[in-house]
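Q: Residue numbers (the working numbering), protein chains in the order written: chain G, -15 to 255; chain R, 80 to 429.
Think of the CB as a built atom: it goes at the ideal place given N, C-alpha and C, for glycine as much as any other residue.
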Amino acid sequence: MTTGTLTAGTRTEPARRLSPLTGLRNSFTLTWRSVLKIRTNAEDLVGLSLQPIMFLLLFVYVFGGAISGSPAHYLQYVLPGILVQTVLFATLGTGLMLNQDISTGIFDRFRSLPIARWAPLAGAIMGDVTRYVISVVVTVGFGMILGFRVKTNPFAAIAACLLVLAFALAMCWISALIGMLVKTAQGVQVFGFTAMFPIVFASGLLVPIATMPGWLQAFAKANPMTLLAAACRGLMIGGPVAVQAGESMLWALGILVVFAPLAVRAYRRKT
Amino acid sequence: MTAAIRADGLVKNFGKTRALAGADLAADAGTVLGVLGPNGAGKTTAVRILTTLLLPDGGHAEVGGYDVVTDAHRVRQLIGLTGQFASVDDGLTGTANLIMIGRLLGLSRGSARSRAAELLARFDLSDAAARPVKTYSGGMRRRIDLAASLVGRPQVLFLDEPTTGLDPQARSDVWDMIRMLVADGVTVLLTTQYLDEADQLADDIVVIDHGRVIATGTPDHLKSQVGGQVLEVVPADPERLGDVAAILARWTGADPAASAAGRQLTVRVPGPAVLPGIVRQLDETGIELAEFSLRKSSLDEVFLTLTGHRAEEEPVSGGAAAGSPAGNEIASDEVSHDDARLTEPERAAR
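#1: Does any CB atom of chain G fall closer than 9 Å to the CB of glycine 356 of chain R?
#2: Around the Cβ of proline 138 of chain G, are there at least 16 other Cβ atoms within 10 angstroms (buried) or fewer (exposed)?
#3: Express the C-alpha separation of valine 148 of chain G and glycine 218 of chain G in angstroms, rounding to a whole number.
#4: In chain order, which continuous runs of the alpha helix (DSSP H) of length 4 or greater are located wholly inside the stretch 146 to 227 of chain G?
#5: Between isoleucine 158 of chain R and chain G, is any beta-carbon pair separated by less than 9 Å?
#6: Where does glutamate 276 of chain R land, buried or exposed, given buried means 16+ other C-beta within 10 angstroms?
#7: Short check: CB of proline 208 of chain G to CB of phenylalanine 132 of chain G, under 9 Å?
#8: Going along chain G in order, which residues have a C-beta closer than 9 Å to the C-beta of serine 187 of chain R?
#9: Buried or exposed: which applies to valine 126 of chain R, given that a residue is buried once 16 or more other Cβ atoms fall within 10 Å of its Cβ?
#10: With DSSP as the reference, label serine 3 of chain G as helix, strand or coil.
#11: At what residues does the beta strand (DSSP E) containing valine 114 of chain R begin and finish?
#12: Assuming serine 11 of chain G and alanine 106 of chain G make a contact with CB atoms under 8 Å, what is their CB distance in whole Å?
#13: Using a Cβ-Cβ cut-off of less than 8 Å, list which residues of the stretch 162 to 176 of chain R approach chain G; keep chain order.
#14: Among R:Glu367, R:Asn92 and R:Gly162, which one has its Cα closest to the Cα of glutamate 240 of chain R?
#15: Can you list the residues of chain G that isoleucine 180 of chain R reaches, using a CB-CB cut of under 8 Å?
#16: Only counting the same chain, and skipping five residues up and downstream in sequence, which positions put a Cβ closer than 8 Å to that of serine 403 of chain R?
#17: Tell me the rounded alpha-carbon separation between alanine -1 of chain G and glycine 231 of chain R.
#18: For leucine 184 of chain R, return the contacting residues in chain G, with the cut-off set at a CB-CB distance below 9 Å.
#19: Step through the CB atoms of chain G and report whether any lies within less than 9 Å of the CB of proline 211 of chain R.
#20: Tell whether a beta-carbon distance below 9 Å holds between arginine 374 of chain R and valine 309 of chain R.
#21: Measuring straight from C-alpha to C-alpha, what distance separates serine 119 of chain G and threonine 195 of chain G?
#22: For valine 167 of chain R, list the residues DSSP reports as bridge partners.
#23: With valine 265 of chain R as the anchor, note down where its alpha helix (DSSP H) starts and where it stops.
#24: Give every residue of the same chain whose Cβ lies closer than 6 Å to the Cβ of alanine 294 of chain R, excluding the five residues on either side of it in the sequence, and list them in chain order.
#25: Would you decide whether methionine 38 of chain G is buried or exposed? Buried here means 16 or more other CB atoms lie within 10 Å of its CB.
#26: Determine whether the beta carbon atoms of threonine 266 of chain R and aspartate 103 of chain R lie at a separation below 9 Å.
#27: Taking the CB atoms as reference points, tell me whether glycine 121 of chain R and alanine 100 of chain R lie closer together than 9 Å.
#28: With respect to the alpha helix (DSSP H) encompassing phenylalanine 93 of chain R, which residues constitute its N-terminal and C-terminal limits?
#29: For glycine 163 of chain G, count neighbouring C-beta atoms within 10 Å of its own C-beta (all shown protein chains included) and say buried if the count is 16 or more, exposed if not.
#30: Using CA coordinates, which residue listed in R:Leu229, R:Asp282 and R:Pro355 is at the minimum distance from arginine 194 of chain R?
#31: Using the three-state DSSP reduction, which class does phenylalanine 47 of chain G fall into: helix, strand or coil?
#32: With isoleucine 366 of chain R as the anchor, note down where its alpha helix (DSSP H) starts and where it stops.
#33: With 9 Å as the threshold, decide whether the Cβ of tryptophan 16 of chain G is near any Cβ in chain B.
#34: Note the first and the last residue of the continuous alpha helix (DSSP H) segment covering proline 55 of chain G.
#35: Just to confirm before moving on: does the CB-CB distance between leucine 76 of chain G and glutamine 173 of chain G stay below 9 Å?
#36: In the DSSP output, what is leucine 372 of chain R paired with across the bridge?
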C-alpha cells in the first residue's frame, strides 16, 4: 500500500474513450449515492411518508361521505387515485435534487471526473425509483390499515403498483428538465406544484368525472392520470384494465420520448 | 518535459461580458502556478476551461499534453479540482463522499474504502469521517474538498481560491497540504486574491485583470516590480504633513502619496533598513506621529502599479470630507514642488 504519498502511484496512459459498461457502473455508483442520501436525510423520508398518509386521511374522511356516501366506500375508490397522485408528486424530488446538485457544485465535481456524461442524470433517476417505491408502499400500506381491500388478487395489485412506477419513470424526466431550467430549488417547487395541481385535480384520480362540466370532462378524459387511475382501479378492485393500461403506457412512452432527450439536452447545456 | 498546463489566447464570453480576452498561461510539471486577480478578473473562468467544465470561445489549452476540448476525457483522468465550484455532497458523510469518488474512478469497493480512510487521516478528518459534511466547519470543508480532488491521484491539481473565507489557522493548514502535494510532484494551478498566498506557494505568478494577463513572473520579480513594502505615516498634527512628506521622500527616494483625506502618507520602501533613519529624523524635527506602520504591498498596490487602476473600489472613508481641505492646503503650500503628486489620490505610482 502506498501510504507514504498522497498522489504518487502507477501512471497508466489515459484512455481515449469511456466504455459503455463503465458508464453503467458510474450510474450505479451514483444511484447508491441517491439511496444513501434518502437514508441519511430523515426529513426527506418523513415528508415522503407523511404526505400520502395526510392525503389519504383528508380525502377519505373529509370528502368521503359527501362523494361516496361513506368514507369506507370512498377509500376503495380513491386509493388507486391517491397512489398515482403521491408518486406523481414524488417525481418532483428528481428535479429538486438535480437543481440542488447543480447549485451546490457537486455536478461540477462529477463533470471534472472521467465518468460518463449521462451517469449523474441516470444515477439520480434510478436512485429516485427507491423514493417512488417508498411512496407506493406507504400509500398502499396505510390504505390497508384504514380498511382498503384488494378485490382482485395480489399479483394484479402489484401490477398496478408497477404501472404507476413505470409512469413515474417517464414523468421524472419532465421534473428533471424543470430542475435544470429553473434557477432555484424554490422555483422548481413552485413551478412543479403549479403545473401538477390541475393535472391531478382535473382528472378521474379523486372523483368520477361524470359530474364535471363538458369542457372539463373532455380535458379529464384525455388526461393520462385518468387513464392510469382507471387501470389501477381495474387491477386492484376489478373492472376493465387492458385499454386504460395500454393507453396510459403509451402516454408514458410519449412523455419519455419527448422529455428525456430535452432533459439530456438541457443537462448537456449545463456542461 | 512538456508543460503540464498550457493555454494560448483563451477567450470566453458570457453574453456581452468578456470573461477572458485572450489569456495565456503555462506551468511546468511539478511547479505551482499562482493566478492572481480580483473578483471577476476571469480566474475561475480560466480554471473551468482548463478542467473541461467550460468550452472556450477562442484559443487553445492543453493539460498534461492533451487538448481540453478534443481530448477532455483524457484530461479528466489527469486532473483534480477543488474550489469555489467543484464541491462535495453535503448530505453524505466524509467517508461516503470519498468512497463515491473512488468508485466513480473505478476503484474496487475495498480500495475505495482504504483510499478514503487514508486521505481522511492525512487531512486530519478521521474523527469527523462518519459525520455528514454539512456539519463540518469551513476549514474542514475545504480539507474534504481537497481530499476529494486527490482520490484519483491527479497529476495536475486545480485549486480555485482554496483559502478564501478561511481563518488564518485554517489557511495555513491548507497551505501546508498544498506544499505536501507539491513535494509529491503534483503540478498545481492555484487562483487567489491574496498576494501573500501566491508569494507563499507559487513558483510563478500570473496576474489577471479584466480577462487579460497583465503580468507574469516569479514572486520576487513581481514584488520588485511593485516595490516590496509600504510605509504608512500619519502625523498627529495634519499641518506637518508636508514636512513628513519631505523626510519620507529624502529617505526612500520615492514621492509619497497622500490619502484622499490628506492625513496619511503612503510610500514604498526598499526594505526595513531605512526605517530607523526615518524615525530618527521625524523625531529630531519634532513631529509627533499618530500612526507609523510598515506592511507588505497588497494586491491593490500590485494592481495600481501594473494597471493604473484599483483592484476593487475602496469604500469612501467617513472622515474624508472634513479632513480634506486642510490637508490639501498644507500640502500645496509647503511642498510646492510635490503638490501635484501629493494632492492627487494614490495614483502617483507610475
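A: Quick look at the numbers:
#1: No, no contact with chain G.
#2: Sixteen is the threshold: since fewer than 16 other Cβ atoms of the shown chains lie within 10 Å of the Cβ of proline 138 of chain G, the residue is exposed.
#3: The alpha-carbon of glycine 218 of chain G is positioned some 13 Å away from that of valine 148 of chain G.
#4: Within the stretch 146 to 227 of chain G, the runs of alpha helix (DSSP H) at least 4 residues long that lie entirely inside it are, in chain order, 169 to 185, 198 to 206 and 208 to 221.
#5: Chain G, which has a Cβ nearer than 9 Å to the Cβ of isoleucine 158 of chain R, makes this yes.
#6: Glutamate 276 of chain R comes out buried.
#7: Going by C-beta atoms, proline 208 of chain G is not nearer than 9 Å to phenylalanine 132 of chain G.
#8: Contact note: serine 187 of chain R does not reach chain G at a C-beta cutoff of 9 Å; the least C-beta distance is about 11 Å.
#9: Counting Cβ neighbours within 10 Å, valine 126 of chain R comes out buried, since at least 16 surround it.
#10: Three-state DSSP puts serine 3 of chain G in coil, outside helix and strand.
#11: Looking at the DSSP string, the run of the beta strand (DSSP E) that includes valine 114 of chain R is 111 to 115.
#12: Confirmed, about 4 Å.
#13: In summary, the residues of the stretch 162 to 176 of chain R whose CB is separated from some CB of chain G by less than 8 Å are Gln163, Phe164, Ala165, Ser166, Val167, Asp168, Asp169, Gly170, Leu171, Thr172 and Ala175, in the order they occur in the chain.
#14: Residue R:Gly162 is the option with its Cα nearest to glutamate 240 of chain R.
#15: Neighbours of isoleucine 180 of chain R on chain G, chain order: Arg93 and Leu97.
#16: Its pLDDT being 35, under 50, serine 403 of chain R is placed unreliably by the model, and nothing is read from it.
#17: Rounded to the nearest angstrom, the two C-alpha atoms are 14 Å apart.
#18: Listed along chain G are Leu97, Pro98 and Ile99, each with a C-beta nearer than 9 Å to that of leucine 184 of chain R.
#19: Taking Cβ atoms only, chain G reaches closer than 9 Å to proline 211 of chain R, which makes this a yes.
#20: Contact check for arginine 374 of chain R against valine 309 of chain R passes: the beta carbons are separated by less than 9 Å.
#21: Between serine 119 of chain G and threonine 195 of chain G, the alpha-carbon positions lie close to 30 Å from each other.
#22: Answer by DSSP bridge pairing: none, since valine 167 of chain R is not bridged.
#23: It is not in any alpha helix (DSSP H) - valine 265 of chain R carries neither H nor E in the DSSP assignment.
#24: By the criterion of a C-beta distance shorter than 6 Å, alanine 294 of chain R is surrounded in its chain by Val286 and Leu385, once the five residues flanking it on both sides are discounted.
#25: Result: exposed.
#26: In this structure, aspartate 103 of chain R does not lie closer than 9 Å to threonine 266 of chain R by Cβ.
#27: Judged by beta-carbon spacing, alanine 100 of chain R lies within the 9 Å limit of glycine 121 of chain R, meaning their Cβ atoms are closer than that value.
#28: Membership of phenylalanine 93 of chain R in any alpha helix (DSSP H) is not indicated; the residue belongs instead to the beta strand (DSSP E) covering 82 to 93.
#29: Buried: at least 16 other Cβ atoms inside 10 Å.
#30: Answer by Cα proximity: R:Leu229.
#31: Three-state DSSP puts phenylalanine 47 of chain G in a helix.
#32: First-last for isoleucine 366 of chain R: undefined, no H or E at that position.
#33: Given the protein chain composition of this structure (G and R), no chain B is represented.
#34: It spans 55 to 74 - the alpha helix (DSSP H) in which proline 55 of chain G sits, taken as one unbroken run.
#35: A contact, by the Cβ cut-off of 9 Å.
#36: The identity of residue 372 of chain R in the sequence shown is serine, whereas the question assumes leucine. Among the bridge pairs identified by DSSP, serine 372 of chain R is matched with R:Glu311.
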